[in-house]
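Taken in order, the sequence shown gives residues 162 to 384; the numbers are from my numbering.
Positions of the beta carbon are idealized from the N, C-alpha and C atoms, including for glycine.
Values in this document were obtained by computation on a predicted structure and should not be read as measured data.
Below: the structure, in structure tokens.
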Amino acid sequence: MTDQAPAPATAEPVPPAPPPVAATPVVERPVLDGAGMDLLFREARTHYAWQDRPVPEATLEAMYNLLRMGPTSANCSPARFVFIRTSEGKARLKQVLSPGNVEKTMKAPVVCIVAHDQAFYDKLGFLFPGAELRGWYADNPALADATALRNGTLQGGYLIMAARAVGLDAAPMSGFDNYQLDNLFFAGTRWKSNFLVALGYGEAAALPPRNPRLSFDEACRFE
Ligand SMILES: Cc1cc2nc3c(=O)[nH]c(=O)nc-3n(C[C@H](O)[C@H](O)[C@H](O)COP(=O)(O)O)c2cc1C
């Protein structure tokens, strides 16, 4: 008998607490300057017209090396990324795009498939050593799928911000057939597509005016 309530079927494992440390003295934290905030948020836009300028592989690698540091539950890191650059890859992708997304996607220098590995838990021994978390997910497919989608989506968001941080523009898209894409790109694997992100150097002159955002009072509340 235990006095602890059983964990609900979709609860994630709680990793062991780290050992207590001495309280950090209060010091002024550095914050991003205005130019950095503009680059990542205020001036960044979703582009659909692209300069005729290639994206170096090293830039994509730098982007990945930033985004991989974003947090995921139990450090599970389920996202997988496929960078489509060739005309052969784009021709395959074209078949599954919504008609309204075809032209802009075909013209992007790089299109990233943001996917996740449904068997992400096979890497937990490396990603979260010492806690034996694999079975928690491997024995509970509903929890594993929810965890892969939630954290893979977060990592796709980190990718958009990391792209901006390394000087790229990013255009996320969900207007395509995930089932067909998975058959074309991920047959025989446990990878599943989530959304696409076109990457390159945007043509600012082609941008429509920015749509408004919700104010703090509309979108937030205190409890
Ligand atoms: C998950 C996601 C899916 C999207 N899907 C599409 C799409 O299929 N086609 C499209 O033209 N734009 C798509 N967008 C782009 C959004 O409409 C755009 O990012 C939003 O209006 C903000 O534009 P802004 O960054 O220029 O302010 C998508 C954006 C996100 C985040």
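- Listed in chain order, the non-local C-beta contacts of T207 below 6 angstroms within the same chain comprise A332, local neighbours out to five positions each way being set aside.
- The DSSP assignment places complete beta strand (DSSP E) segments of no fewer than 3 residues inside the region 294-359 at 330-334, in order along the chain.
- In the structure shown, the three-state DSSP call for A366 is helix.
- Sorted by chain position, residues whose beta-carbon lies closer than 6 angstroms to a non-hydrogen atom of ligand 1 are R206, T207, N262, P333, M334, S335, G336, F356, R371, N372.
- R241 sits in a strand when the DSSP states are folded into three classes.
- Separation of the CB atoms of L227 and R325 is rounded to 10 angstroms, and the pair is thereby denied contact status at 8 angstroms.
- Judged by their CB atoms, C237 and Y298 are nearer to each other than the 9 angstroms cut-off.
- Per the coordinates, the alpha-carbon of R253 lies some 10 angstroms from the alpha-carbon of T247.
- In the DSSP assignment, V175 falls outside any alpha helix (DSSP H), carrying neither H nor E.
- Just so you know, the alpha carbons of L357 and N312 end up roughly 16 angstroms apart.
- Taking 9 angstroms as the cut-off, the Cβ atoms of D278 and R351 count as close.
- Excluding residues up to 5 positions away in sequence, K268, A269, P270, G361, Y362, G363, E364 lie with their Cβ nearer than 7 angstroms to the Cβ of W211 in the same chain.
- Contact annotation: the region 375-382 does not touch the region 329-347, with fewer than three C-beta pairs closer than 8 angstroms.
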